[in-house]
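Enquirer: Structure provided below as structure tokens; questions to follow.
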Amino acid sequence: MSAREFGEVWALSQLSPGIHLVALAGLIGRRAAGWRGVVAAVAGMMVPAAAITVALTAAYGVIAASPIARAALAGVAPVTGGMTIATAALLVRASARHGRAHVAIDVAVALGFVVAAAFLGVPALAAIGAGALIGAIALGRERPTSRETSVG
Amino acid sequence: MDALALFGVFLKASALSLGGLSSLPLLRADLVAPGIATDDQVVQAIAIGRISTGPNGLYIVSLGYLVGGLVGATVALLAASLPPLVIVPITALARRWLLTTSVAGLVRGVAFATAGLLVATGIGIITATGNPSLWQLALAAIATVLTYRGTLHPAIVIAIGAATGLAFGR
């Protein structure tokens with residue numbers, strides 16, 4: 000696979016729903032070995048990591064109820080909340096278009112959704128539907144790039 | 000909650016999200032609000048997902064395990080793995096359509112909506128106890144900055160949170 004081909008499958012994977020790395024693995028697997036390649040690539044990426052995740056979760060479960068674990072969780076909870084907010088900022092950074100005017104519009108739209116979701120209580124499905132509609136009508140004038148994101 | 004219903008919840012969250020953690024708002028709405036999972040379990044799953052190997056989105060496997068044991072983890076893994084793969088046949092059939100400005104705009108709009116939902120969810124997690132302490136708010140702010148800058152491994156950021164919790168949380 001050439002660097003250009005990789006760049007293209009990366010850009011296409013960013014358009015997929017769900018975990019983009021799964022889409023990337025699937026697209027690379029298909030190029031390499033058809034549908035068998037898709038299954039092999041996705042299973043290779045997900046199954047060992049999922050097994051490790053389950054093992055870690057089960058291991059934590061053994062000590063989860065202890066006072067020490069409860070105290071640690073009181074610090075981990077705000078950290079995960081902060082990580083979630085940072086993920087939102089990274090998502091906007093990765094998705095915003097180039098150019099001052101476009102960036103200003105994009106950030107304003109994103110802030111509008113922050114207000115709608117955090118302060119007006121707009122339900123998730125309604126927000127996503129509105130985002131899709133507004134985006135398809137008004138936010139498409141620049142193609143997404145293959146810039147790497149840390150959103151995963 | 001039976002396995003099929005759990006699969007449906009995870010599949011919906013995965014199919015309507017864009018990237019790793021962005022399924023969280025839908026999952027929190029469908030699992031925490033009805034009392035199937037707790038915010039503590041969500042926090043554990045996110046933290047373990049960040050510490051573990053693989054994509055960030057695998058936190059849902061941890062959440063699946065916490066809610067439904069090995070069966071829950073398995074349905075979560077399937078639900079996380081299937082929706083992204085719709086891109087494979089669509090790319091084969093309609094690659095040009097995928098690269099149109101309308102599709103780019105649609106994905107961008109969903110990303111901005113998801114960002115708003117993630118901020119709301121983050122605030123929800125931070126304030127889940129009802130009355131977060133000053134040190135907890137400071138930790139949340141520090142974690143936000145460190146994660147955005149991306150210079151420290153997430154496991155270290157989580158360890159900082161755990162250590163601060165042990166110091167102040169008892």
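Residue numbers (numbering that gives the first Met the number 0), protein chains in the order written: chain A, 0 to 151; chain B, 0 to 169.
Every residue gets a Cβ at the ideal spot worked out from N, C-alpha and C, and that includes glycine.
Is it right to say A:P143 is buried, meaning 16 or more other beta carbons lie within 10 angstroms of its own, or is it exposed?
Expert: Here residue 143 of chain A corresponds to residue number 144 of the first sequence, with the count starting at 1. The predicted model places A:P143 with a pLDDT of 49, which falls under 50 and marks its position as unreliable, so this point remains unresolved.
Enquirer: Please name the residue in B:D39, B:L69 and B:F111 whose C-alpha comes closest to that of A:I51.
Expert: Here residue 51 of chain A corresponds to residue number 52 of the first sequence, with the count starting at 1. With distances taken between Cα atoms, A:I51 lies closest to B:L69.
Enquirer: Quick one: which chain B residues come within Cβ less than 8 Å of A:S12?
Expert: Taking the first sequence and counting its residues from 1, the one referred to as residue 12 of chain A is at position 13. Within 8 Å Cβ-Cβ: P83 and I86.
Enquirer: Determine the direct distance from the alpha carbon of B:V87 to that of B:T128, and round the result to whole angstroms.
Expert: Within the second sequence, the letter at position 129 stands for residue 128 of chain B. Within the second sequence, the letter at position 88 stands for residue 87 of chain B. If I take the Cα positions, the gap works out to 42 Å.
Enquirer: Relative to chain A, which residues along the segment 130-143 of chain B have a C-beta separation below 9 Å, given in chain order?
Expert: Per Cβ criterion, the list reads P131, S132, W134, Q135, L136, A137, L138, A139, A140, I141, A142 and T143.
Enquirer: Using a Cβ-Cβ cut-off of 7 Å (strictly less than) and excluding sequence neighbours within five positions of A:L11, which residues of its own chain qualify?
Expert: Translated into the one-based positions of the first sequence, residue 11 of chain A becomes position 12. The answer, listed in chain order, is L26.
Enquirer: Counting only Cβ pairs nearer than 8 Å, list the residues of chain A close to B:G104.
Expert: Taking the second sequence and counting its residues from 1, one reaches residue 104 of chain B at position 105. Simply G134, A135, I136, A137, L138, G139 and R140.
Enquirer: Express the C-alpha separation of A:L119 and B:P82 in angstroms, rounding to a whole number.
Expert: To locate residue 82 of chain B, count along the second sequence from 1; it is residue 83. To locate residue 119 of chain A, count along the first sequence from 1; it is residue 120. The alpha-carbon atoms of B:P82 and A:L119 are separated by roughly 30 Å.
Enquirer: Flag this pair as yes or no: are the beta carbons of B:I124 and A:A115 separated by less than 8 Å?
Expert: Translated into the one-based positions of the second sequence, residue 124 of chain B becomes position 125. Translated into the one-based positions of the first sequence, residue 115 of chain A becomes position 116. Not in contact: B:I124 and A:A115 (Cβ atoms no closer than 8 Å).
Enquirer: DSSP on A:G17, reduced to helix/strand/coil?
Expert: For this step, residue 17 of chain A is matched to residue 18 along the first sequence. A:G17: strand per DSSP, three-state reduction.
Enquirer: So the alpha helix (DSSP H) B:G68 belongs to, where does it begin and stop?
Expert: Counting from one through the second sequence, the residue named residue 68 of chain B turns up at place 69. Run containing B:G68: Y58 to S80, per the alpha helix (DSSP H) assignment.
Enquirer: Report the option in B:T90, B:F111, B:V118 and B:W96 whose CA atom is closest to the CA atom of A:R30.
Expert: As a first step, residue 30 of chain A must be located in the first sequence, where it is residue number 31. For the residues B:T90, B:F111, B:V118 and B:W96, the minimum Cα distance to A:R30 belongs to B:T90.
Enquirer: Starting from A:V113, find everything on chain B with Cβ-Cβ shorter than 8 Å and list it in chain order.
Expert: Sequence index remark: in the first sequence, residue 113 of chain A carries index 114 (1-based). Correct list: A114, G115, V118 and A119.
Enquirer: Assuming B:G121 and A:G81 make a contact with CB atoms under 8 Å, what is their CB distance in whole Å?
Expert: Here residue 121 of chain B refers to the residue found at position 122 of the second sequence. Here residue 81 of chain A refers to the residue found at position 82 of the first sequence. So it is a contact: roughly 7 Å between Cβ atoms.
Enquirer: Taking contact to mean 3 or more Cβ pairs, one atom from each stretch, closer than 8 Å, check whether the segment 48-68 of chain A and the segment 145-153 of chain B are in contact.
Expert: The segment 48-68 of chain A, when compared against the segment 145-153 of chain B, does not touch it at the 8 Å Cβ threshold.
Enquirer: Between A:A126 and B:G115, is the Cβ-Cβ spacing less than 8 Å?
Expert: Walking along the first sequence from the start, residue 126 of chain A turns up at place 127. Walking along the second sequence from the start, residue 115 of chain B turns up at place 116. Contact flag set, yes.
Enquirer: Identify which residue in B:V31, B:S80, B:W134 and B:T126 has its Cα closest to the Cα of B:L57.
Expert: Within the second sequence, the letter at position 58 stands for residue 57 of chain B. Checking every option, the nearest Cα to that of B:L57 belongs to B:S80.
Enquirer: Could you tell me whether the segment 105-114 of chain A touches the segment 134-145 of chain B, using the rule of 3 or more Cβ pairs below 8 Å?
Expert: At 8 Å Cβ cutoff, the stretches do not touch.
Enquirer: Go ahead and pull the three-state DSSP assignment for A:L23.
Expert: Walking along the first sequence from the start, residue 23 of chain A turns up at place 24. If DSSP states are grouped into helix, strand and coil, A:L23 belongs with the helices.
Enquirer: Within the same chain, show all residues whose beta-carbon is closer than 6 Å to that of B:A2, passing over the 5 residues directly before and after it, in chain order.
Expert: Start at 1 with the first residue of the second sequence, and residue 2 of chain B comes out as number 3. Contacts found: V70 and V74.
Enquirer: Checking 8 Å against the spacing of the C-beta atoms, do A:L14 and B:L97 come in under that value?
Expert: To locate residue 14 of chain A, count along the first sequence from 1; it is residue 15. To locate residue 97 of chain B, count along the second sequence from 1; it is residue 98. Yes, these two residues count as a Cβ contact at 8 Å.
Enquirer: Determine, using beta carbons only, whether B:T37 comes closer than 8 Å to chain A.
Expert: Working through the second sequence from its first residue, we reach residue 37 of chain B at position 38. Not closer than 8 Å to any Cβ of chain A, the Cβ of B:T37 fails to qualify, so no.
Enquirer: Is A:V61 close to chain E? Criterion is C-beta to C-beta, closer than 8 Å.
Expert: This model lacks chain E altogether; the protein chains it does include are A and B.
Enquirer: Chain A beta carbons: is any one of them nearer than 8 Å to that of B:L25?
Expert: By one-based count along the second sequence, residue 25 of chain B stands at place 26. Output row for B:L25: interface = yes.
Enquirer: Are the CB atoms of B:L30 and B:V8 nearer to each other than 8 Å?
Expert: Within the second sequence, the letter at position 31 stands for residue 30 of chain B. Within the second sequence, the letter at position 9 stands for residue 8 of chain B. The answer is yes: Cβ separation under 8 Å.
Enquirer: Can A:V121 be considered in contact with the ligand MG, in the sense that its beta carbon sits closer than 7 Å to one or more heavy atoms?
Expert: Questions concerning the ligand MG fall outside what the structure shown contains, since it holds no ligand whatsoever.
Enquirer: Should the segment 33-48 of chain A be regarded as contacting the segment 96-111 of chain B, the criterion being three or more beta carbon pairs within less than 8 Å?
Expert: Flag = no, the segment 33-48 of chain A and the segment 96-111 of chain B do not touch.
Enquirer: When burial is assigned at 16 or more other CB atoms within 10 Å of the CB, is B:T52 buried or exposed?
Expert: Indexing the second sequence from 1 puts residue 52 of chain B at position 53. Counting Cβ neighbours within 10 Å, B:T52 comes out exposed, since fewer than 16 surround it.
Enquirer: Considering only C-alpha positions, which residue in the set B:T143, B:I155 and B:V106 is nearest to A:A131?
Expert: Start at 1 with the first residue of the first sequence, and residue 131 of chain A comes out as number 132. Closest option to A:A131, Cα to Cα, is B:V106.
Enquirer: So, at 7 Å on beta carbons, what are the nonlocal neighbours of B:Y64 in its own chain, with the 5 sequence-adjacent residues on each side left out?
Expert: What you label residue 64 of chain B is simply residue 65 of the second sequence in a count that begins at 1. So the list reads G71 and A72, once near-sequence residues are dropped.
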